[in-house]
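This report concerns only the one structure given below.
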Amino acid sequence: MSNEMKRLTAPRSWPVKRKTSTWITKPAPGAHSLEESIPITVVMRDMLGLAGTAKEVRLMLQKKMLKIDGKTARSPKQGIGLMDVLGLPTINSYYRMVLDKRGKLQMVKISEEEAGWKLTRIDDKKTIAGGKTQLNLHDGRNIVLDANQYKTGDVLKITIPEQKILASYSLEKGNTALITSGANVGNVAVVEEYEITRLPSENLVKFTDGKYTTKCNVFIVGNKTSEITLPEEAVL
């Protein structure tokens, strides 16, 4: 796999300049899709301006200065995906990857306390040996539980890196959601109705502001209000 790709062909979700140079770092294969993940080199240099060159990022990695979801980052191609937390403990700076209303991935500055946890959506689940339930989460994590107490589409608030479940948020009326794709990408809205159909098409989620989208585009971020810090433009 090539280490780079042309800037002009980088995903539209990446908030980078397209014509400053020909090439840009390509993320290593990981849990997130290419559209929902940006390599740490690009985040540090192009988005946050905390490094001037790729070489400076590599030096930071060698010095173990950068953490993703509480674990030391090691590769300049390591991706930072939707809801992931980037930590720079030596300068007490922390960021969470979210989406803005243009559909662009953005790093939002957060507190050290907020950097201790993340939100992750249950995309699938299955029963494994011993009758236990394995939750398969949007960021590639797996959590095994004794009880089958959560539904697909629920969002868990977990500590990082320990993965202790602190709270859960369901796709139900009154809860707050981030729309992650489609015409209303980046909007934060309150769920009005979750319409379950028997048709082959996706179930629809309707919001109090009149917007609607399919279930796969909905990421619940809290009950009455958002648990995570959002871009200013997205605050309800």
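In terms of my numbering, the sequence shown has 42 at position 42, counting the first letter as 1, and numbering is strictly consecutive. Glycine is no exception: its CB is placed at the ideal position from the N, C-alpha and C atoms.
Quick one: is residue i buried, meaning 16 or more other Cβ sit within 10 Å of its Cβ, or exposed?
i    : result
E195 : exposed
K17  : exposed
V144 : exposed
I128 : exposed
I91  : exposed
P39  : buried
E36  : buried
L238 : Not covered by the structure: residue 238. The range shown for the chain is 1 to 236.
M1   : Bear in mind that the predicted position of M1 carries a pLDDT of just 46, short of 50, making it unreliable; the figure below should be weighed with that in mind. Result: exposed.
W117 : buried
S226 : buried
D209 : exposed
L86  : buried
T9   : exposed
T213 : buried
D124 : exposed
L59  : exposed
Which of the three DSSP states, helix, strand or coil, is assigned to residue i?
i    : result
K215 : helix
A115 : helix
T159 : strand
E4   : strand
E195 : strand
T9   : helix
L236 : Residue confidence is low: L236 scores 48 on pLDDT, short of 50, so the model does not pin down where it sits. No coordinate-derived value is stated.
L99  : strand
Please look up how many angstroms separate the CB atoms of residue i and residue j, rounded, as I've assumed it's under 8 angstroms.
i    : j    : result
M5   : M47  : That belief does not hold up - the Cβ atoms of M5 and M47 are roughly 17 angstroms apart, past 8 angstroms.
K77  : P11  : Incorrect: roughly 15 angstroms between the Cβ atoms, too far for contact.
R121 : F219 : 6 angstroms
A167 : I179 : Contact flag wrong, Cβ pair sits at about 21 angstroms.
T176 : K224 : 7 angstroms
Y95  : K109 : 6 angstroms
N217 : G182 : 5 angstroms
V191 : K173 : 6 angstroms
Y150 : L137 : About 11 angstroms separates the two Cβ atoms, so there is no contact after all.
Ignore the nearest five residues each way along the sequence and tell me which others in residue i's own chain have a CB closer than 8 angstroms to its CB.
i    : result
K215 : G153, L171, Y194, E202, N203, L204 and V205
L34  : P11 and P27
N3   : T25, K26 and K77
E232 : none
Among the residues of its own chain, which have a CB less than 6 angstroms from the CB of residue i, if the five just before and after it don't count?
i    : result
L236 : Legend: pLDDT at L236 = 48, less than 50; position of this residue unreliable, value from coordinates given subsequently. Closer than 6 angstroms at the Cβ level, and outside the excluded window around L236, lie V188.
N148 : T133
I165 : L156 and I158
T41  : T25, A54, V57 and P76
M44  : L50, A51 and V57
T229 : V108 and I110
G30  : G79
P15  : K104
For residue i, which residues of its own chain have a beta-carbon under 7 angstroms away from its beta-carbon, when the five flanking residues on both sides are left out?
i    : result
R141 : T120 and Q163
K71  : P161
S21  : R7
D146 : K132
D69  : D84, V85, K118, I160 and P161
If you measure from the beta carbon of residue i to each beta carbon in chain B, is any gap under 8 angstroms?
i  : result
L8 : This model lacks chain B altogether; it includes just one protein chain.
Write down every uninterrupted run of the alpha helix (DSSP H) in the segment 20 to 96 whose length is 4 residues or greater and which is fully enclosed by it, in chain order. 54 to 62
At what residue ranges does the segment 103 to 153 contain a whole run of the alpha helix (DSSP H), taking only runs of 4 or more? none
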